[in-house]
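From first to last, the protein sequence lines are chains A and B. Sequential numbering from 935 applies to the first sequence in my numbering. Sequential numbering from 935 applies to the second sequence in my numbering. C-beta atoms are modelled at their ideal positions from N, C-alpha and C, and glycine is treated no differently. What follows is a set of notes on a single structure, which appears directly below.
Number of protein chains: 2
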Amino acid sequence: MKVGIIGSTGMVGKTLIKLLEERDFPIEELRPFASKKSEGQLLKFKGKDCKIQSLSHESIKNLNFVFVATGEEISREWTPILKNQGTYVIDNSSAFRMDPETPLVCPEVNSHLITKDKFVYANPNCSTIQLVVLLNALNKLKALTSVTVSSYQAVSGAGKEALKELSEQSLDPKSVAPKSFPTQIAYNCIPQIGGFDDLNFTSEEQKIRLETKKILNRNDLKVSAQAVRVPVLNGHAESVWVNFKESVSLQDIEASLNAQEGLHYLKEGYHTQIEISGKDEVYVSRVRKDPDFENRWLFWLVADNIRKGAATNSIQIAEKLL
Amino acid sequence: MKVGIIGSTGMVGKTLIKLLEERDFPIEELRPFASKKSEGQLLKFKGKDCKIQSLSHESIKNLNFVFVATGEEISREWTPILKNQGTYVIDNSSAFRMDPETPLVCPEVNSHLITKDKFVYANPNCSTIQLVVLLNALNKLKALTSVTVSSYQAVSGAGKEALKELSEQSLDPKSVAPKSFPTQIAYNCIPQIGGFDDLNFTSEEQKIRLETKKILNRNDLKVSAQAVRVPVLNGHAESVWVNFKESVSLQDIEASLNAQEGLHYLKEGYHTQIEISGKDEVYVSRVRKDPDFENRWLFWLVADNIRKGAATNSIQIAEKLL
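Following this line, the structure appears as structure tokens:
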């Protein structure tokens, strides 16, 4: 297979390349793309040097798969062109996620949408992916009716510069002015990821809400999120409340969690972001019945936002296509 | 007034002394108490040296007020003795919070419980105090029915050693083994504050739940909390969802928030922990209607857990008693 990576020098792009090697994706040619300023630089893949190219109608020819790991603008420009030339595109940006024609895929949940004749696949938002893996398990129980999430999101989701900002600012907060974030992120939590809409919700909160409904194919499901950036390098955590229409037992919930592909359930104790950073699965713990609320349960959910929340999920889509 | 501080060398004790000076509490004698190892050390108050004493039946005599800023064991031992000798006790520990005979007071909410003939007052848990200031405002609107909270709690709540652990661990995570916390706190979130009960809730989560009902005198109110320690030095934040029985308008909510003593409401933008550290009020922002849920609203709530969450609230109780 001939595989292109758009955004190959970013956090997700680099992880995609590492994972393609790790998972032994059948690659004959890896073609990394990046902006003009990285053009001509070399990048190692399976011991060989690959030259970074910039995007052009010439440079994208003859590719079987392209992973898009940039912002939505570049995706909006190049995804339709790639599709027209018969290249499968797995797009990590938000450009086509809510497009009714584009499958929004988390393979553990809706891999049935992956078919040879569909060329463009949207990869969900990082904080949505880990949530839907949990909800898919719970959705098999008696009528899941609503979901409430408060997130604890790592700075790796904001890119390489953001990681550097947190690391340097943590050593001496006053010496590093905020650039990647609206205010100081070291030793601070920021309740803003993305811009605000008219309802005073952020784009991240609306992504969690709308993408979750689309992936689960449950427009009737009520979803509410508060998204918060925390001074953690990598790994997103979420406090999750789930309502069912009828009473469910801990045994039934545990059986569903244990049966869910890609989900690790811990009965006692809990996972933290540092422990799961670098792993490909979703981790759930602190499962408990809410004593004051009828048929409501609490969960603590953690996953690596760059791997399962982005790169791993993209490659899983490509693997299903193969 | 002759005023004693039990636990005068801890985070809350030191802040109490600073605040008594700042707020010009009418003090004739300040008597700081601490463990044997600090006995005889000097502590500055209004420019004068005060000698730290250890607790004894002798050393606690002739005090009008005592602030307890230690754990519950010391409070259980000394609070009844102080009460019997006619000293007013304001107890920051959890020892008597749920005792039906002891008023649990957040002055902005239930100062009517402060009366000359009651000698012992419990100061609520830090994460509860900021929550009830918000809920008191909302409780004046049409039937508040339930509250859901996910907390982002600073390490200062775990004491001086914990602050040192976060600071040192942030510089070099591998070099500082976890002592104040179950696992690494630098660049990590820990969903455990206190021990676990049979329901898999932590003591912090149950404090938020049970103390909130007691302070608001609303046993029927449904409260659910997930308490999480975050790598922040000082200041607690909370994602809060509130349900009303009937429809309420943003205007009504805003009017209630603006009318609430001790609460600052920000219409646009938000407060973060670093900004409000060192302040005495509770800060609320990101007020918005939950689009998928009937009569449910979201809030972002921040306060200084050592000041309003502990020391300031204690002194406010004493000031009302005067």
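Suppose you measure from the CA of residue 971 of chain A to the CA of residue 1244 of chain A; what does that come to, to the nearest Å? Your numbering for residue 971 of chain A matches position 37 in the first sequence. Your numbering for residue 1244 of chain A matches position 310 in the first sequence. Distance between residue 971 of chain A and residue 1244 of chain A, taken at the CA atoms: about 24 Å.
According to DSSP, what are the bridge partners of residue 1033 of chain B? As a working note, residue 1033 of chain B is residue 99 in the second sequence. Residue 1033 of chain B pairs with nothing; no bridge assigned.
Any residues in the region 1132–1144 of chain B with a beta carbon nearer than 8 Å to a beta carbon of chain A? Which ones, in chain order? 1133, 1134, 1135 and 1143
Would you verify that the beta carbon of residue 1123 of chain A is, or is not, closer than 9 Å to some beta carbon of chain B? Looking up residue 1123 of chain A in the first sequence gives position 189. Taking Cβ atoms only, chain B reaches closer than 9 Å to residue 1123 of chain A, which makes this a yes.
Sorted by chain position, which residues of the same chain lie with C-beta nearer than 8 Å to residue 1100 of chain A's C-beta, five sequence neighbours on each side aside? By one-based count along the first sequence, residue 1100 of chain A stands at place 166. Correct list, in chain order: 1089, 1119, 1120, 1165 and 1167.
From the beta carbon of residue 965 of chain B, is the nearest beta carbon of chain A less than 9 Å away? Taking the second sequence and counting its residues from 1, the one referred to as residue 965 of chain B is at position 31. No, no contact with chain A.
Considering just the uninterrupted stretch of the beta strand (DSSP E) at residue 1316 of chain A, what are its terminal residues? Any answer about residue 1316 of chain A is impossible in this case: the structure gives chain A only from 935 up to 1256.
Span separating the alpha-carbon of residue 1149 of chain B from that of residue 1102 of chain A: To locate residue 1149 of chain B, count along the second sequence from 1; it is residue 215. To locate residue 1102 of chain A, count along the first sequence from 1; it is residue 168. Cα to Cα, the separation comes out at about 43 Å.
Quick one: measure Cβ to Cβ for residue 942 of chain B and residue 977 of chain B, integer angstroms, because I've assumed they're closer than 8 Å. Indexing the second sequence from 1 puts residue 942 of chain B at position 8. Indexing the second sequence from 1 puts residue 977 of chain B at position 43. That belief holds up - the Cβ atoms of residue 942 of chain B and residue 977 of chain B are roughly 6 Å apart, short of 8 Å.
Does any residue of chain B have a CB that is nearer than 9 Å to the CB of residue 1064 of chain A? Taking the first sequence and counting its residues from 1, one reaches residue 1064 of chain A at position 130. No Cβ of chain B is located within less than 9 Å of the beta carbon of residue 1064 of chain A.
Under 7 Å Cβ-Cβ, which residues of chain A neighbour residue 1104 of chain B? Here residue 1104 of chain B is taken as the residue at index 170 of the second sequence, counted from 1. Ordered by position in chain A, the residues that pass the 7 Å Cβ test against residue 1104 of chain B are 1104.
Taking only runs of the alpha helix (DSSP H) that begin and end inside the region 965–1009 of chain B, which ones reach a length of at least 4 residues, in chain order? none
Hey, could you find the ends of the beta strand (DSSP E) residue 1079 of chain A is sitting in? Working through the first sequence from its first residue, we reach residue 1079 of chain A at position 145. Looking at the DSSP string, the run of the beta strand (DSSP E) that includes residue 1079 of chain A is 1078–1086.
Can the beta-carbon of residue 1190 of chain A be found less than 9 Å from the beta-carbon of residue 1071 of chain A? The residue labelled residue 1190 of chain A in the question sits at position 256 within the first sequence. The residue labelled residue 1071 of chain A in the question sits at position 137 within the first sequence. Contact: yes.
Interface residues of chain A facing residue 1225 of chain B [CB-CB closer than 7 Å]: Position 291 of the second sequence holds residue 1225 of chain B. The answer, in chain order, is 1133.
How would you list, in chain order, the residues of chain B whose beta-carbon sits under 7 Å from the beta-carbon of residue 1171 of chain A? As a position in the first sequence, residue 1171 of chain A is number 237, starting the count at 1. Correct list: 1123.
Identify the continuous alpha helix (DSSP H) that holds residue 1251 of chain A and give its terminal residues. By one-based count along the first sequence, residue 1251 of chain A stands at place 317. Start and end: 1246–1255.
Taking only beta-carbon positions, decide if residue 1209 of chain B is within less than 9 Å of chain A. The sequence position of residue 1209 of chain B within the second sequence is 275, counting from 1. Judged by the 9 Å Cβ criterion, residue 1209 of chain B is in contact with chain A.
Backbone CA spacing between residue 1062 of chain B and residue 964 of chain A [nearest angstrom]: The sequence position of residue 1062 of chain B within the second sequence is 128, counting from 1. The sequence position of residue 964 of chain A within the first sequence is 30, counting from 1. Cα to Cα, residue 1062 of chain B sits roughly 55 Å from residue 964 of chain A.
Taking 9 Å as the CB-CB cut-off, is residue 1004 of chain B touching chain A? Within the second sequence, residue 1004 of chain B is the residue found at index 70, counting from 1. Not closer than 9 Å to any Cβ of chain A, the Cβ of residue 1004 of chain B fails to qualify, so no.
Assigned exposure category for residue 1020 of chain B - 16 Cβ within 10 Å defines buried: Within the second sequence, the letter at position 86 stands for residue 1020 of chain B. Looking at its Cβ environment, which holds fewer than 16 other Cβ atoms inside 10 Å, residue 1020 of chain B is exposed.
Name, please, each residue of chain A whose Cβ falls closer than 7 Å to the Cβ of residue 1220 of chain B. To locate residue 1220 of chain B, count along the second sequence from 1; it is residue 286. What residue 1220 of chain B touches in chain A, judged by beta-carbon distance under 7 Å, is 1125 and 1134, going in chain order.
Taking only beta carbons into account, state which residues of the region 1107–1122 of chain B come closer than 7 Å to chain A, listed in chain order. 1117, 1118, 1121 and 1122
With the cut-off set at 9 Å, would you say residue 1235 of chain A and residue 1172 of chain A are in Cβ contact? If you number the first sequence from 1, residue 1235 of chain A lands on position 301. If you number the first sequence from 1, residue 1172 of chain A lands on position 238. Yes, these two residues count as a Cβ contact at 9 Å.
Suppose the cutoff is 7 Å on Cβ atoms and the five residues either side in sequence are ignored; what does the same chain contact list for residue 1178 of chain B look like? Counting from one through the second sequence, the residue named residue 1178 of chain B turns up at place 244. Closer than 7 Å at Cβ, skipping near neighbours: 1075, 1076, 1077, 1078, 1079 and 1229.
Is the shortest distance between the beta-carbon of residue 1176 of chain A and the beta-carbons of chain B less than 9 Å? What you label residue 1176 of chain A is simply residue 242 of the first sequence in a count that begins at 1. By this cut-off, residue 1176 of chain A is not an interface position.
Got a sec, what are the start and stop residues for the alpha helix (DSSP H) residue 1070 of chain B sits in? Here residue 1070 of chain B is taken as the residue at index 136 of the second sequence, counted from 1. Unbroken alpha helix (DSSP H) run through residue 1070 of chain B: 1060–1072.
Three-pair Cβ contact test at 8 Å for the region 1191–1201 of chain A versus the region 1149–1160 of chain A: no
Which of helix, strand or coil does DSSP assign to residue 1205 of chain B? The sequence position of residue 1205 of chain B within the second sequence is 271, counting from 1. It is coil, neither helix nor strand.
Could you check whether the Cβ of residue 1086 of chain A sits closer than 9 Å to any Cβ belonging to chain B? For the purposes of this step, residue 1086 of chain A is identified with residue 152 of the first sequence, where counting begins at 1. Yes, because at least one Cβ of chain B sits closer than 9 Å to the Cβ of residue 1086 of chain A.
Quick check on the DSSP output: what are the complete alpha helix (DSSP H) runs of length 4 or more inside the region 1112–1165 of chain A, in order along the chain? DSSP runs (the alpha helix (DSSP H)) wholly in the region 1112–1165 of chain A: 1137–1150.
So the candidates are A/957, A/985 and A/981; which of them puts its Cα closest to the Cα of residue 938 of chain A? To locate residue 938 of chain A, count along the first sequence from 1; it is residue 4. For residue 938 of chain A, the nearest C-alpha among the options comes from A/985.
Per DSSP, residue 1237 of chain A is paired with what? Locating residue 1237 of chain A in the first sequence gives position 303, counting from the first residue. In the DSSP output, where bridge partners are listed per residue, residue 1237 of chain A has A/1170 and A/1216.
Below-9 Å beta-carbon distance, residue 1100 of chain B vs any chain A residue: Along the second sequence, read from residue 1 onward, the residue named residue 1100 of chain B stands at position 166. Yes, contact with chain A.
Anything in the region 1194–1207 of chain A with a Cβ closer than 7 Å to a Cβ of chain B? List those residues in chain order, please. 1204, 1206 and 1207
May I ask you to list, following chain order, the residues of the region 1223–1249 of chain B that have a beta carbon less than 8 Å from some beta carbon of chain A? 1223, 1224, 1225, 1226, 1227, 1230, 1232 and 1234
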